[in-house]
Amino acid sequence: MLLNRRDFLKAAGGGVACVSLSRMGFDLGPVKAYAADLKMDGAKEVISVCPFCSVSCHIIAHVKDGKLVNTEGDPDYPINQGALCAKGAAMLSMTRNPHRAMKPMYRAPHSDKWEEKSWDWALNRIADLVKESRDKNFVEKNDKGQRVNRLEKVFALGTSHMSNEECSLTHQAMRALGVVHMDHQARI
Amino acid sequence: MPVLNGLGDCEQHINDAVESFAGKRPVLEPMLRAFGNILREKSRLAAQLAAGKPYDLAVDPSRLSRGVPLLAGVSLEPLQEQLNVSFNAMLNVLRKTFSDLDEELSRLEICYRERKLDFVNLSRAYLETDPRVLSETARSLMVSEGVLGMVVGVLLAPVLEVVALSYAEQVHQARWLKGFCPVCGSMPSISYLGESGEQASEFLTGGGGQKYLHCSMCGCEWRTKRNMCPACENEDKDRRVYFQTEDDPAERIDVCTECGAYLPCMDFRESVLRPPLEIAAVGMVHLDAWACEKGYHPLANTLWNQVR
Amino acid sequence: MTNHWIDIKNADAILIMGSNAAEHHPISFKWVLDAKSRGAVVMHVDPKFSRTSARADFHVPLRSGTDIAFLGGMINYIIEKDKYFKDYVLNYTNASFLVDKGFDFKDGLFSGYDPKTRKYDSTKWAYELDDNKVPKKDPTLKNPRCVFQLMKSHYSRYTLQKVSDITGVSEENLKKVYDNYAATGAADKAGTVLYALGWTQHTVGVQNIRTAAIIQLLLGNVGVAGGGINALRGEPNVQGSTDHALLYHLVPGYMSVPIADWQTLEDYHKANTPASNDSQSANWWQNKPKYFNSLLKAWYGDNATKENGFGYEMLPKIEKGQDYSYLFLFDRMYRGEIKGGFIFGLNPMNSVPNSNKLRKAMDNLDWLVSVDVHNSETSDNWHRPGVDPKKVKTEVFLLPSAHRLEKDGTVTNSGRWHLWHYEAVPPPGEARTFGYMVVELMNRIRQRYKDKPGAFPDPIVKLDWPAKFDAEEMAKKINGYFTQDKKIGDTEYKKGQLVPSFAALQDDGSTSSLNWLYTGSVSEKEGIKAKKRDATQTPMQAAIGLYPNWAWCWPVNRRILYNRASVDLQGKPYNPAKAVIEWDGSKWVGDVPDGGWPPLATGKGKSPFIMTVHGYGQVFGPGRMEGPFPEHYEPVETPVTGHPFSKQLHNPCFKSVTSDMDILAKPADPKYPIVLTTYSVTEHWCGGGETRNVPNLLEAEPQLYVEMSPQLAQEKGIKNGDGVIIESARGKVEAIAMVTVRMRPFKIQGKLVHEIGMPFCFGWTTPGCGDSTNRLTAFVCDPNTTIPEFKACLVNVRKADKLTEIS
Amino acid sequence: MPKSFFIDTSRCTACRGCQLACKEWNELPPNKTKQTGSHQNPPDLNPNNYKLVRFSEHLENDTVQWYFFPDQCRHCLEPPCKDTIEGYVPGAATQDPETGAVLYTEKTKEVPFEEVRSSCPYDIPRKAADGRLVKCTMCNERVSRGLLPACVKACPTGTMNFGDRDKMLELAKKRLAEVKKTHPKAMLADADSVNVIYLVLDDPKKYHKTVVAQRSDGLSRKQFLAQIFAPIRRPVEGIGQSKS
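Structure follows, in structure tokens:
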């Protein structure tokens, strides 16, 4: 099976060379000067998936200097073939939305405001709360004396916004803690 | 299914595109006019050949599904007559257009009359990029390799355009996904992003953007993936970049940083104009100049992109 | 979905019911119209005329909550008019099975019902077995105790007149839908059923779908191209998140969570591994121990050994029959029994019924971690209108999460396609992926338990847990590895090698996999197959748009489930023009078949429905809570006091809780005479937290509205655009009246019944747009799934003197 | 050859992609809108919305008809608004001879708005906060660079089409012939006199009151234009003459 162009070529490259434009008699000076003045922006195209309904339309994200500059439906994905609905088409403004939560926020008991916190502080504080709640409320055995290992007083809800990999880890973590009140969008 | 560009390009269509690009980018006007002449003649000739005697080539379309181009290894012997016709017509227009090359072109004409030109063999060597055959022939005929290469390429193109046309349906059915041409095995000279989905349904025809490659030799057009370099098949998002200016979102140049190849691309979703693709490629030669300056090389050598 | 999105184009008839596909799965509708342009008839049965109706061949308005009556009438019609696909029904469904004498049905109740527990004893619904414990069959389908005859008699009660009387659909419209759809009973015709939350969100949700499944089996529409039972799943990765079981009652791969009565791994397997003595039954779930043990091995790594039951004893075990879903969680929270918890990417204060109760319940938490892309009604619950924050004790964290475009990983679409998305840009500011948060947090908790042991640390410290979140590594771990060198058949696998398919998973600890359904999704040769973008297909595959090389789908890249039912006993496709698989004499070609055994006629085949114990499609479904045949019951809040089929008004098993805030209107309650249904809006996403914050989308759909018919508006003195108040037994909501001919009153039992509809995407954190519609809905649930009845409750509506929520 | 739009409302699903794309390209701020009993929002064209999808619904013979109409400036071949404006301030309105786009300049600030508005048979012009008159520009700055108008580029359904006038007319007639088979009342609205050619499936009044040229007194376009042009009629140069 021939799978590569090299298999039927004697030499690689762009094919047989032609005479140059200058040899043909063109003055390339102005063209090169024109080209040198161009303000060319480089961007890459990244395949992603629309985060809304589960048709999972593919999206090509255009990224320039690490910033999202445009999104379009992926014409190669056989299901959406480049088409997007109004929400999918609004992906750019949705992702770049200034209203988004950008920093871990904390609201102390009885407080009337949010405060910014570091990730380190927030995760440590949550870890303390989880351990404290678990140590205090862990149900080792039920009324019948059966071993049940349940942490009934802590719950986990969500989310179908997670990737499969994130779902798998979340399930594993919650079962390890003994969480039984676990649910997400599939039930509502 | 894409429409084959070559044969549909009537004279008016080519003229309009030349005018429109020349108006937009006067710096390219001399090239647009020169290559416009050649492309017009090529188009006329292809139409003439298509209307003439049917080709008798040993082509096996079932090879497409195995990733083998139709003409790979196929003898071009039966095309002797068409190649002769093409040589005469194309040499004439080349001579008219490029007076700087006249000396070498007229020498080739003499060689032809003296039956020193074996077009079948040269065409085969051209398609297979066999530098030995071409350089030896050039030496023996006392012309430069560049001019010989140019002439062989130019005379072969209209002849093979007819092949591409007659197998367009098979190529479409085969869903050819390679970066090289399913008909003649050459690399593309330009690509474009299409307007709407292939399977236009009543509802949500799609934003378009499907990528088609246009063969630098036979003008065959085939669909490819957006996220693949046609030269090295690299799909890494971080090693493919496209460049464009803010003013011209319909024109871009796709670069693979893995293998260093570039390919111009027209985005027909942005553009009202539908120029013949080869005129569009000439109208974007400034991008070739830019890319070469940056150290990239074209996917296919064409008549108009040798900017060095 | 048994089939997939593109496959919709292969249908000859499309019944869209309980879904507004054009507005809520817009791109899916492309394939509906593709089918239409090839001559398919598209029917939309729904209370509201929507953009789906506008593009269908016809729209049939139906009163919310009467789908079983409508579909039961279709079953009756199909049997009476002899429209069913006889070969298929006989060979591939359990229609010929004889049912044991314990089974009975009287006045709306099946045998075995205990009114005290409100539960059935389903052992009463067993088959009559032969000496080998295989169900007895009557291939003539004449035996009065065979499933076919029992079904026939059950649905003979669903006459056109009675169905029309309760659904509000004219007899003429009933016949139009029945005729068009029943025509797909021909061998070479296919009909597909597209449904969504309009079927699931009822106290009879599961049975709505069961009724459709019976129709599909009768017409031979399961397993074929253009057929199937197709849930248009709503949420972005809800298929994947269900596969990976973010649900209390399952562990990944649709296996039951351990219950207290199964104290050991052996107990678990004994209770969960089905057996069949029928040599023609593949009984696929007999492999469950391999999948379950491999899961445990993946969770606990080297700490899972054969000796310790692979760590089974460390797992939490729920109480038998106890429900831990939203309904009960929030009820327990309301009662102060819950201390704290996590809400990831979800806004239940807006999108779960009886919001007033839920919002109060949340005040009882000591701590709450809300992880989202926006501050929402959930994270901000402590300063909702009318509440003094100083009185709310909850310690609240809002952790900013990444958008899909900002992370690597896979999702699974509704057609089970496993799809990779690449990180295009990093998350903005300090936003992070869920994966980062879960891994980091768990590592901190693990460290704390290592430093200072507290309650039972083993399940936490012994976890096989990554130091950092890496989507590719996780994708491989989900696929699974060999944990030691292993020879299977003639092939030798090395420790650390990826498991090639779930057929190679072992129950002896030599393999690990976080989800057996995804084993085969990554291979040594092809890497992560979700990244594959290869559109090539054979002409046979291209004829039905199968795309077998595009990405990968579970199980084992089978694109159409139960596809062995698309061929006759010799392996020849019933519809050669749209063949899914075909036996070429030595192997199957086309799709990946449901097992590679030769056709049934060879004597070496297996029955097509391999996930059922006996291998047959279940016309008779003894596994459901409220009976083996779907029966019409009214919504818990209903505008009628009786219906034509029995004296049993409601699903006898529906789930609910009792509290001072769980008040229900009585049947035909004069205070609440109007039916309310709820739905989404194209411009907003679910609870709206994300899209309300996109100014241009908010401009197009700015405020909460209620759609009502001109007749109702006139009756209530309401004009289009008026502010109105909608009231149920649980709450009051302000909205703007949208008076529209797209809503129609229904004639039910000779009386005019009005239905209104409202979206639920508006909430108080977006000023002036209105607040949760779910303050009206009742938290009463399907007994099988505990999915709430969002689609039908009772309300009243009046013109508002002034508005406070909408400005 | 002027450019034309062909707007095939038989394909429109009211996704409002065009409406949003128009706002984004023209950088028009969002309006603080209210629900007024319709999905049509904002309720009318306004200085921040040059393009608006209109919704209309009817119940006939027990069947619901729900029609969508993406409304915008028609870029008339002989634009009456231009004549009105120029009657006050020459040069305040222009028509691009290449594209046919009817354009308003800064100078429209000096023109009485209501008069211009009532001279438009489609009720399109609106007055911005700074006094300028505004409406759809045919994305002329895009079109003159060879790019498609933003709304056309955004349309996922094939409703919005744009190109040379003869090509658009050809497409419109082809589609009309097709949809006539199922919708005998289908028609092209004022195709001979405008560069934005709508295909509607039914009586245009069922879509919106000014789908075809209209004034409150119910004059046809021909009568209406005759009246408008009577006192100030002068030759229109540069573009094709109306055939009506």
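Chains as they are written, first to last, in my numbering: chain A, 4 to 191; chain B, 2 to 309; chain C, 240 to 1046; chain D, 331 to 574. Ideal Cβ placement from N, Cα and C applies to all residues, glycine included.
- The alpha-carbon of C/Leu-702 is positioned some 12 Å away from that of C/Phe-549.
- The CB of B/Arg-176 comes closer than 9 Å to the CB of Ala-774, Thr-775, Gln-776 and Ala-781 in chain C, given here in chain order.
- In the structure shown, B/Leu-166 adopts helical secondary structure according to DSSP, grouped into three states.
- The residue from C/Ala-452, C/Thr-332, C/Ser-762 and C/Thr-362 with its alpha-carbon nearest to that of C/Phe-387 is C/Thr-332.
- Proximity of chain D to B/Asp-17 at the Cβ level (cut-off 7 Å) is not reached, the minimal Cβ distance being about 11 Å.
- The distance from the Cβ of D/Cys-348 to that of D/Met-490 is about 6 Å, consistent with a contact at the 8 Å cut-off.
- Around D/Ala-484, the beta-carbon contacts reaching into chain A at under 8 Å are Ala-92.
- Across the set D/Val-530, D/Arg-472, D/Thr-487 and D/Ile-337, the C-alpha of D/Ile-337 shows the shortest separation from the C-alpha of D/Gln-402.
- For D/Gln-395, the uninterrupted beta strand (DSSP E) run begins and ends at 393-401, by DSSP.
- By the Cβ neighbour-count rule, D/His-388 is exposed, with fewer than 16 other Cβ atoms within 10 Å of its own.
- The stretch 57-70 of chain A and the stretch 662-672 of chain C touch, with no fewer than 3 CB-CB distances between them shorter than 8 Å.
- Counting only runs of 3+ residues, the beta strand (DSSP E) found wholly inside the stretch 519-545 of chain D occupies 526-530, in chain order.
- Per DSSP, the unbroken alpha helix (DSSP H) holding C/Val-700 starts and ends at 697-700.
- By the rule that beta-carbons nearer than 8 Å mark a contact, B/Lys-238 touches chain C.
- Identification of chain C residues near A/Asp-115 by a Cβ-Cβ cut-off of 8 Å yields His-622, Pro-628 and Lys-629, ordered along the chain.
- Fully enclosed beta strand (DSSP E) runs of no fewer than 3 residues occupy 423-425 and 432-434 of the stretch 417-464 of chain D, in order along the chain.
- Annotation for B/Lys-179: Gly-68 place their beta carbon closer than 7 Å to its own, counting only its chain and skipping 5 residues before and after.
- Just so you know, the alpha carbons of B/Phe-269 and B/Leu-149 end up roughly 35 Å apart.
- Taking 7 Å as the upper bound on Cβ-Cβ separation, chain C lies near residues Leu-126, Asn-127, Ile-129, Ala-130, Leu-132, Val-133, Lys-134, Ser-136, Arg-137, Asp-138, Asn-140, Phe-141, Glu-143 and Asn-145 of the stretch 126-145 of chain A.
- Scanning its chain for C-beta atoms nearer than 6 Å, with the 5 sequence neighbours on each side dropped, one finds around B/Val-308 the residues Asp-289, Ala-290 and Cys-293, in chain order.
- Following the DSSP letters along the chain, one finds C/Ile-448 inside the alpha helix (DSSP H) bounded by residues 444-457.
- Across the set C/Gly-648, C/Gln-561 and C/Asn-532, the C-alpha of C/Gly-648 shows the shortest separation from the C-alpha of C/Lys-768.
- With a minimum length of 3 residues, there is no unbroken run of beta strand (DSSP E) contained wholly in the stretch 510-560 of chain C.
- Taking CB atoms only, C/Tyr-720 has no neighbour in chain B less than 8 Å away.
- Within the same chain, Arg-26, Val-28 and Leu-29 come within 8 Å of B/His-287 by CB-CB distance, once the 5 residues on both sides are set aside.
- With fewer than 16 other Cβ atoms inside 10 Å of its own Cβ, C/Pro-778 counts as exposed.
- Excluding residues up to 5 positions away in sequence, Ala-279, Val-280, Asn-419, Tyr-420, Ala-422, Thr-423 and Gly-430 lie with their Cβ nearer than 7 Å to the Cβ of C/Ala-252 in the same chain.
- B/Lys-226 has a beta carbon lying within less than 8 Å of a beta carbon in chain C.
- Residue pairing by DSSP puts A/Arg-150 in a beta bridge opposite A/Lys-144.
- A Cβ-Cβ separation of about 6 Å places C/Leu-380 in contact with C/Ala-334 under the 8 Å criterion.
- C-alpha of A/His-61 to C-alpha of C/Gln-686: approximately 40 Å in a straight line.
- Not flagged as an interface residue toward chain D: C/Phe-999, since no C-beta distance is shorter than 8 Å.
- Nearest in C-alpha terms to A/Asn-140, of all of A/Glu-119, A/Glu-169 and A/Val-183, is A/Val-183.
- In this structure the stretch 30-45 of chain B does not touch the stretch 54-73 of chain B; the number of beta carbon pairs closer than 8 Å is below three.
- Taking a Cβ-Cβ cut-off of 7 Å, the neighbours of C/Pro-934 in chain D comprise Pro-360, given in sequence order.
- For A/Lys-139, the secondary structure class from DSSP, reduced to helix, strand or coil, is helix.
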